[in-house]
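Novice:
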Amino acid sequence: MRAAIYCRLSKEDEGAEGAESESIQNQRSMLLQYAAAHGYEVQGVYVDEDYSGADRERPAFNRMLAAAEQRAFEVILAKTQSRFTRDMELVEKYLHGAFPRWGVRFIAVVDQVDTADAAGKKSRQINGLVNEWYLEDLSNNVRSVLTHKRRAGRYIAAFALFGYQKDPADSGHLVIDPAAAAVVRRVFALYLAGSGAARIARLLNQEGVPAPSEYRRRQAAGPAGDSRPGGAVWGKAAVYRMLTNRTYAGDLEQGRHQRVSYKSKQTVWLPRDQWIVVPHTHEPIIDPEQFAQVQRLLARRARSGGGGQVNPLAGRVVCGLCGGGMEQTCSGSAPRGGQGPRRYFRCRMSQRDPRRCPGQPYIPAEDLQRLVLERVRARMAAPLQAALAGGDAPDAADGREQAARREQQRLDREIARRRRALEELYLDKCAGAVSAERYAALDRAFSEQLEGLTARRAALEGQCAPAGAGQALARWLERAAALEAPDRALVSLLVERVVVYPPDSAGARTVEIHWTF
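Quick note: the sequence shown uses the numbering used here, first residue 56, plus one each step.
(1) Buried or exposed: where does I60 fall if 16 or more other Cβ atoms within 10 Å of its Cβ makes it buried?
(2) Quick test of the definition: if touching needs 3 or more C-beta pairs under 8 Å, does the stretch 187 to 199 touch the stretch 244 to 256?
(3) Across which residues does DSSP place R63 in a beta bridge pair?
(4) I need the boundaries of the alpha helix (DSSP H) containing I255, first residue and last residue.
(5) Going by DSSP, what residue range makes up the alpha helix (DSSP H) through W157?
(6) With C-beta atoms as the reference, is R156 less than 8 Å away from T170?
(7) Put D498 into one of helix, strand or coil per three-state DSSP.
(8) How should I181 be labelled, buried or exposed, when 16 other C-beta atoms within 10 angstroms of its C-beta is the threshold for buried?
(9) Between which two residues does the alpha helix (DSSP H) containing K221 stretch?
(10) Do N195 and the ligand FAD come close, with the Cβ less than 7 Å from some heavy atom?
(11) Flag this pair as yes or no: are the beta carbons of A420 and Y399 separated by less than 8 Å?
(12) Assign N117 to one of two classes, buried (16 or more other C-beta atoms within 10 Å of its C-beta) or exposed (fewer than that).
(13) Under 8 Å, do R57 and Q82 count as touching if we go by C-beta distance?
(14) Please state whether the Cβ-Cβ distance between Y101 and M119 is less than 8 Å.
(15) On the premise that A236 lies in contact with Y270, defined as a C-beta separation below 8 Å, what is that separation, rounded to the nearest angstrom?
(16) Where does the unbroken alpha helix (DSSP H) through T202 begin, and where does it stop?
(17) Would you grab the beta carbon distance between P558 and P409 for me? Rounded to a whole angstrom, and I think it's under 8 Å.
(18) Rounded to the nearest angstrom, what separates R564 and E429 at their Cα positions?
(19) Just to confirm my understanding: we take M85, look at its own chain, exclude 5 residues before and 5 after, and list those with CB closer than 7 Å. What are they?
(20) Just to confirm the assignment, what range does the beta strand (DSSP E) spanning E551 have?
(21) Rounding to the nearest angstrom, what Cα-Cα distance links P339 and V555 in this structure?
(22) For G507, does the three-state DSSP call read helix, strand or coil?
(23) Which word fits F214, buried or exposed, when buried means at least 16 other C-beta atoms lie within 10 angstroms of its C-beta?
(24) Going by other Cβ atoms of all chains shown within 10 Å of its Cβ, with 16 needed for buried, is A513 buried or exposed?
(25) Could you tell me which residues DSSP pairs with M381 in its beta bridges?
(26) Whole angstroms is fine: what's the gap from L259's alpha carbon to R351's?
(27) Got a sec, what are the start and stop residues for the alpha helix (DSSP H) E269 sits in?
(28) Taking only three categories from DSSP, how would you classify L325?
(29) Taking C-beta to C-beta, are H335 and G305 nearer than 8 Å?
(30) Could you give the C-beta distance for V200 and R179, rounded to a whole number, given that I count them as a contact under 8 Å?
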């Protein structure tokens, strides 16, 4: 019988009593001996080091599960159930769900856990709960320690904030990094001189100043590292975060976001009044009065917008030179006789780093929308004409219309039932009656059913249109022709992306539309 061996060690175990027995080497040796004693042929040894038992993204763990699903072995050996997982949901999903379907037996040698023993299911569930409680308590203790360190003015992030480096004598204290600090001072000076965040980012990219993450990468690589252009570039969001971070004024600002739970890597931003700020913990790069002046300017600065309307083409316009997205901008002043500033699309990468894209003339948003609408009309013309031309005998059409109406009524009832089920499922999840994993599976199933029913109803409507549908289609076409701009729903349905190229020598511009059908 073929067996897989799984070993895991995480930082949560390193300080525990008897940690040496939990070492990867000892786990491997114990399980190999057990496999030999019981006549198992070891198919592979899967090892995850420095991964938590609640981490669902463990690489070796997931490789082992994929192999188990492919029936590569019949037995999984682990030292204890907690080595396999400390997550109760995974205990239920695999030990009592997937493994029996895949014909896989799970054995935890020390715990004497064996899924071949049906009577031991409750003990496995109790073990899972105890392991999860342990992880939750550990998470709460770690969070309390980190909060205490933050309130004590200790810097706890893995990497120093751009402009600083960790004190070699005290990793919880920041000292100035002269090279990066010069960039920080320049950013603040440029902003006070009237440059906006986007312009500052563009200027830094033009001068080849590495962005914070790229600077850290080069520092880690050392003098012999790769310093060629590439990697992360400056963006206005990075500049804005720098301009609003009080740490640069000498006050340590931490705790701006936290994880949703100990079982998730997702983080949420906390309200500003919950951030932890400890004054005068380190040498400031920016004078506090200068920092305060920048905050006053930021508070007064207003962002130009489009009246809250989302452009129908937003997120679908692509630069034909570099393949990057094109963003909206406006002229800043209203054209003569116009209702407001004229809006354009421009290449985002050319604004950030002209070395990667030389850019192209801005294209007016109205012109592009008009062109897309014309292309949509042309694309739809042939199918619509075919639908208009498709006739049928009146009696046959009447009979088919009645059958179609009955089927549509039945589909409407089924669609309403699925929608109510989705609403009730969401309420059950909020009340804790359904696990997140179970909710995701049911939500996906109900949504797929709903999409299928909706598609069938739409197809039935088109195939079994009543007499006079030609006039209805003609009226629809007339309304589409009267539209001044495509609506976002129409674009989402028909258009995958719009590729814009620079004008040629004659001033003509090529625009390619990639359809979804």
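Heads up, the beta-carbon is just placed ideally off N, CA and C, and yes, glycines get one too.
Specialist: Inspection of the coordinates gives the following:
(1) By 1-based counting over the sequence shown, the position of residue 60 is 5. Buried, by the Cβ-count rule.
(2) Remark: fewer than three beta-carbon pairs, one from each stretch, lie closer than 8 Å, so the stretch 187 to 199 and the stretch 244 to 256 are not flagged as touching.
(3) Looking up residue 63 in the sequence shown gives position 8. D103, per the DSSP bridge assignment.
(4) The residue labelled residue 255 in the question sits at position 200 within the sequence shown. Counted as a single uninterrupted DSSP element, the alpha helix (DSSP H) harbouring I255 occupies residues 252 to 261.
(5) One-based indexing of the sequence shown puts residue 157 at position 102. Element bounds for W157: 154 to 157.
(6) One-based indexing of the sequence shown puts residue 156 at position 101. One-based indexing of the sequence shown puts residue 170 at position 115. Going by C-beta atoms, R156 is not nearer than 8 Å to T170.
(7) What you label residue 498 is simply residue 443 of the sequence shown in a count that begins at 1. Three-state result, D498: helix.
(8) To locate residue 181, count along the sequence shown from 1; it is residue 126. So I181 counts as exposed.
(9) As a first step, residue 221 is located in the sequence shown; it is residue number 166 there, counting from the start. Not the alpha helix (DSSP H): K221 falls in the beta strand (DSSP E), residues 219 to 222.
(10) With respect to small molecules bound, the structure shown includes none, and the ligand FAD cannot be examined in it.
(11) Here residue 420 corresponds to residue number 365 of the sequence shown, with the count starting at 1. Here residue 399 corresponds to residue number 344 of the sequence shown, with the count starting at 1. Yes, they are a contact pair.
(12) Walking along the sequence shown from the start, residue 117 turns up at place 62. Counting C-beta atoms within 10 angstroms of its own C-beta, N117 has fewer than 16 neighbours from the protein chains shown and is therefore classed as exposed.
(13) Locating residue 57 in the sequence shown gives position 2, counting from the first residue. Locating residue 82 in the sequence shown gives position 27, counting from the first residue. Taking 8 Å as the Cβ cut-off, R57 and Q82 do not qualify as a contacting pair.
(14) As a working mapping, residue 101 is identified with position 46 in the sequence shown. As a working mapping, residue 119 is identified with position 64 in the sequence shown. Yes, these two residues count as a Cβ contact at 8 Å.
(15) Residue numbering aside, residue 270 sits at position 215 when the sequence shown is read from its first letter. Residue numbering aside, residue 236 sits at position 181 when the sequence shown is read from its first letter. Not a contact, Cβ separation roughly 12 Å.
(16) Position 147 of the sequence shown, counting from 1, holds the residue named residue 202. T202 -> alpha helix (DSSP H) spans 176 to 206.
(17) The sequence position of residue 558 within the sequence shown is 503, counting from 1. The sequence position of residue 409 within the sequence shown is 354, counting from 1. P558 to P409, Cβ: 19 Å. No contact.
(18) The sequence position of residue 564 within the sequence shown is 509, counting from 1. The sequence position of residue 429 within the sequence shown is 374, counting from 1. Approximately 15 Å, taken between the alpha carbons.
(19) The sequence position of residue 85 within the sequence shown is 30, counting from 1. K134, V164, listed in sequence order.
(20) Counted from its first residue, the sequence shown places residue 551 at position 496. Unbroken beta strand (DSSP E) run through E551: 550 to 558.
(21) Locating residue 339 in the sequence shown gives position 284, where the first residue counts as 1. Locating residue 555 in the sequence shown gives position 500, where the first residue counts as 1. Roughly 46 Å between the two C-alpha positions.
(22) Here the question's residue 507 lines up with position 452 in the sequence shown. Correct three-state label for G507: helix.
(23) Along the sequence shown, read from residue 1 onward, the residue named residue 214 stands at position 159. Label assigned to F214: exposed.
(24) Looking up residue 513 in the sequence shown gives position 458. By the 10 Å Cβ count, A513 comes out exposed.
(25) As a working note, residue 381 is residue 326 in the sequence shown. Per the DSSP secondary-structure output, M381 pairs in a beta bridge with C402.
(26) Here residue 259 corresponds to residue number 204 of the sequence shown, with the count starting at 1. Here residue 351 corresponds to residue number 296 of the sequence shown, with the count starting at 1. Cα to Cα, the separation comes out at about 24 Å.
(27) The residue you call residue 269 lines up with position 214 of the sequence shown. Where E269 is concerned, the enclosing alpha helix (DSSP H) stretches over 267 to 276.
(28) Taking the sequence shown and counting its residues from 1, one reaches residue 325 at position 270. L325 falls in the coil class under three-state DSSP.
(29) Taking the first residue of the sequence shown as 1, we reach residue 335 at position 280. Taking the first residue of the sequence shown as 1, we reach residue 305 at position 250. One thing to note: H335 has its Cβ within 8 Å of the Cβ of G305.
(30) For the purposes of this step, residue 200 is taken as the residue at position 145 of the sequence shown. For the purposes of this step, residue 179 is taken as the residue at position 124 of the sequence shown. Wrong, their Cβ atoms sit about 32 Å apart, outside the cutoff.
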